[in-house]
Structure formats: C-alpha cells, structure tokens
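Everything on this sheet refers to the single structure shown next.
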Amino acid sequence: MGDVPRLEDLEREIGDLSGSRVLVRTDFNVPLSHDDHGKSTVTDDFRIRAALPTIEWLTERGAQVVTASHLGRPKGQEKPEFSMAPVRERLAELAPGVELLENLRFDPGETANDPEFVEELVDGIDAYVNDAFGASHRAHASIVGPPKRVPCAMGRLLETEVDVLLGLRDRPKHPFVAVLGGAKISDKLGVIEALLDRVDAIVIGGAMCFTFFAARGSSIGDSLHEPEMIETCAELLAKAERLGKVIHLPDDVVGTDSSGEFAQFGSRLPDGATGYDIGPGSAAAFSDVVMDARMVFWNGPMGMFEDSRFESGTRTIAQAMADTKAFTVVGGGDSAAALAQFHLDDEVDHVSTGGGASLELLETGDLPGLAALRSA
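Start counting at 1 in the sequence shown, then tack on 121, and there's your number in my numbering.
See the structure below:
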C-alpha cells in the first residue's frame, strides 16, 4: 500500500500544519452502558485510544483536530441513545482540546454518500485523515468523499491495520492457520475462498460448523445453520481436499438436549438437540493446531461465549492464541470482545479494530476507504 498517502506525505503537501483544521475520520463506535438516570458511559475505550497516535501526531504539529465518527445504527435519525456525548466526554479526558462532531449517521447523507453532506463535512477543513479502519469497507460520505476535495492521508491506526493484514495475505509464514467462527458461513464465504489459497489449515467453530456438518450428511438436531449454504460448504470441503489443505471441524460439541438440559454430543446431534459451543476434545485439538502454527488469524467465537455454560471453547482458543509462539492476529468484532472478556487482549500480537473490514481486506486486498485515498 505504498501508493496510499501517509501522514508524512500530507505534511509535505501542506507544509506547516500549524493552525490547519484537520478532519480525522475515526471509528469511535464503542460500547456504552446506560444508568437508571439516562446517563451513558463508555465501557470500552479501546477504539478511542487506538486513534490517539494520529491525533497526537497532528496536535504536536499545531493542527486543530476535528474528529468524526458514527455510533450504532440510528438510520438517519437523531436518536439520543446514539449521541456522541459520552464518547466526547471520554475523548476530552484522553485528548483535551480535540473536537468531536455529532454522530455522522444522524444524517442520512452519510450512508448514502451524499455530495452535499460531504461538502458540509469539509467546510472550513484544510485536510482530511482517515483513521477509521473499522468503517473503511463502507463507501460512506465521510470515508470516500473528503479525499476528492481536500489533501488527505491515512492515519497511524489505518496504516498499521493495513500493514498487518496485508502481511498475512501477501507474506504469510507457514504453517499459516485461520480460525473462523461465528454464526453464518455466508458472512465469511469470500474470505474462506481467498484464504484457502494461502493458509495451510482452516479451523471452523461457532454455529457455522453446523452447516458444514450438514454438508457432510451429519445430523445437527435443531442447531442454527444455513440450509442454502449446505451445497457451498460441500464444495469448499472438496476444494480444500483438492488443494491439499485441511479444514478442521469439531468432533464434539456442547449444547442442550431436547429437554433444554446441558449436554455433550459427538459430531452428530439427536433430534431436538442444539449445539452452542465446540466440545472439550475439539477445543484441545484446535488449540494444538494453533500452537503448531507460525501465523494465526482468528475471526469469530467458537460458541455462544456470552453464556458461561458455552464459553469454554472460545476461552480455550483465546488462551492458545495467547500462548502460541506464532504471530497472532485477531480480526475484531466478537473475537476481540472475547479476548477482552478473558483478559487476554494484551497477549496477542495484533487486535484489529474492524471485523468486517479485516475480512474484506484479506479477501480482496483493498477497501473503498483506501481506494479513495489512493485516487485523490
């Protein structure tokens, strides 16, 4: 990505940044808690802290920084529960004097990439910096619009994310293992197909494993799956075999039986049973795969880890990610939340701020936000 302008390129283009008003698109889409009095508080400021290197680089050079972000999905309406006020309060503690605009998605022009909204954003702005990796797979107004109108660059966070993830994609160390979980195979189909050409093995957990079970002809009881993806999963298994790659599926799962009681099953579930997590045998086997790797990418939990009855599989994989000597990357989203829940987020090499963005970058090698900066 040497053709995407960096902060140093922006400084060379503008010259002295002192007094310049710089719009920084950040990803401050952070979790909030709400008390009985209606006050909202940021419960995890990871994404705010991740933007500080860019903000500090600019403010140290005398720039006046204006940050902008979305929060939640207000769908073009001003909804109090999605106000940036609690984020603004935390930002003021971490970076005094830095402005934060109101939620970009309060205006329908943001998701519609409305040129008039872009003009409002850049009014009085001297330069633009995209540091919102987690939103850069969206062709939204604040992502792709400003680079057409003012000098631009990518921030430190975006630069790091791109360097790390494209390193996985283009310069893998073998054995390279991808650990994929979550609910839907359809959400990860493209990245699985792309990774099959690069990895040595793919580990499949989460509810998506049941669609693969069905593709093998195994009974899955009432477990969540995607019937329309069964044939696709069968094709993926066949393609992996042709390429000499291994797709590891669970040999045991835990969940509930037909009476709703906690139960453990093999890779075939009886009628009325529902799987919610990989079993202890599979967790141990998957951990061995991670421990033997030189590079690991993990996206998606192994089960419904929010429920303590079904957290063991995800916890075991998270611990393996912390213990392995491999270069480890966690692709944001629920996997990052699980690492934080188990207090292991400081034990891996890179935790991405964007789940969907990390998958798209691995799949295609590019993002709309990067393309906009490149073509400016």
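Here a beta-carbon is modelled for each residue, glycine too, at the ideal position from N, C-alpha and C.
Express the C-alpha separation of residue j and residue i in angstroms, rounding to a whole number.
i    : j    : result
K185 : D252 : Per the sequence presented here, residue 185 reads as Gln, with Lys not at that position. One C-alpha to the other measures close to 16 Å.
V451 : L460 : 9 Å
D487 : F297 : 21 Å
A384 : A206 : 45 Å
V312 : L212 : 34 Å
L316 : V411 : 16 Å
Q462 : G193 : 21 Å
P348 : A304 : 13 Å
D130 : D156 : 45 Å
L240 : L491 : Per the sequence presented here, residue 240 reads as Glu, with Leu not at that position. Distance between the alpha carbons of E240 and L491 is about 20 Å.
A233 : V250 : 20 Å
D235 : P267 : 11 Å
Would you please state the rounded distance, in angstroms, between the beta carbons of residue i and residue j? I believe it to be under 8 Å.
i    : j    : result
V208 : I169 : 7 Å
I399 : G376 : 10 Å between Cβ atoms; not a contact.
P489 : A335 : At roughly 34 Å, the Cβ-Cβ gap does not stay under 8 Å, so P489 and A335 are not in contact.
According to the neighbour-count rule (16 or more other Cβ atoms, all chains shown, within 10 Å of its Cβ), is residue i buried or exposed?
i    : result
D148 : buried
G475 : buried
R292 : exposed
G453 : buried
K294 : exposed
H346 : buried
K309 : buried
R133 : exposed
H258 : buried
E80  : The chain is shown from 122 up to 497; residue 80 falls before or after that span and cannot be answered.
G393 : exposed
Which residue wins for smallest C-alpha separation from residue i, given the options the options?
i    : options                   : result
E432 : F448, V411 and D455       : D455
D413 : N420, G421 and T449       : T449
F238 : R270, T175 and I325       : R270
R182 : L212, T188 and G140       : G140
K196 : L289, P229 and V187       : P229
G255 : R430, H191 and S339       : H191
G326 : V219, N420 and E210       : N420
V151 : N224, G136, Q440 and V143 : N224
L215 : K200, P174, E362 and N234 : P174
F418 : L289, P268, V143 and L482 : L289
Q331 : D466, D373, F426 and D244 : Residue 331 is actually Phe in this sequence, not Gln. The shortest Cα separation from F331 among D466, D373, F426 and D244 belongs to D373.
Give the secondary structure of residue i by DSSP, where H, G and I count as helix, E and B as strand, and everything else as coil.
i    : result
T553 : Nothing in the structure corresponds to residue 553, since the chain is present only between 122 and 497.
Q385 : strand
L345 : coil
L483 : helix
A315 : helix
V374 : strand
T162 : strand
M425 : coil
V219 : coil
Q198 : coil
S433 : helix
V143 : strand
V320 : coil
V469 : coil
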